[in-house]
Amino acid sequence: MSNMFDTSFALFYYINVKGFLHLVNVGAYEMENRIKEYREKNSLSQGKLAEKCNVSRQTINAIENNKYDPSLQLAFDIARTLGVAMEELFISENGGKRHE
């Protein structure tokens, strides 16, 4: 999978994380995120994380509450800011199993 990701990054740059995972795994996934957990471990408010990622506090709030799927670029920005791998922040609720 890493080769596919490396060669296809530019193509998927502007789609959201859920869309990317759907295309990579060819399945419908339920996702949850651990942004709040890692944000709090880093002693960051939603506003401070938003500022570091150049988005609004409301955007971070919506992502944390699973009301908005971030773009792939924003997901990478959040992960980098929190010092964690993106796959640690965004995880499949069904343990990586596809919904048929």
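For what it's worth, numbering that gives the first Met the number 0 labels the leading residue of the sequence shown as 0, then goes sequentially.
Virtual Cβ for every residue (Gly too), placed ideally from N, Cα, C.
Test item: CB-CB of residue i and residue j under 8 Å
i           : j             : result
arginine 38 : leucine 48    : yes
leucine 88  : asparagine 41 : no
Beta-carbon separation (whole angstroms), residue i vs residue j, contact threshold 8 Å
i             : j            : result
isoleucine 77 : cysteine 52  : 6 Å
asparagine 60 : glutamine 45 : 6 Å
Nearest to residue i (by Cα), restricted to the options the options
i          : options                    : result
leucine 71 : Leu43, Arg56, Asn60, Met85 : Met85
Which ranges does the beta strand (DSSP E) cover as unbroken runs of at least 3 residues, wholly within the segment 34-72, from first to last along the chain?
Taking only runs of at least 3 residues, no beta strand (DSSP E) segment lies wholly in the segment 34-72.
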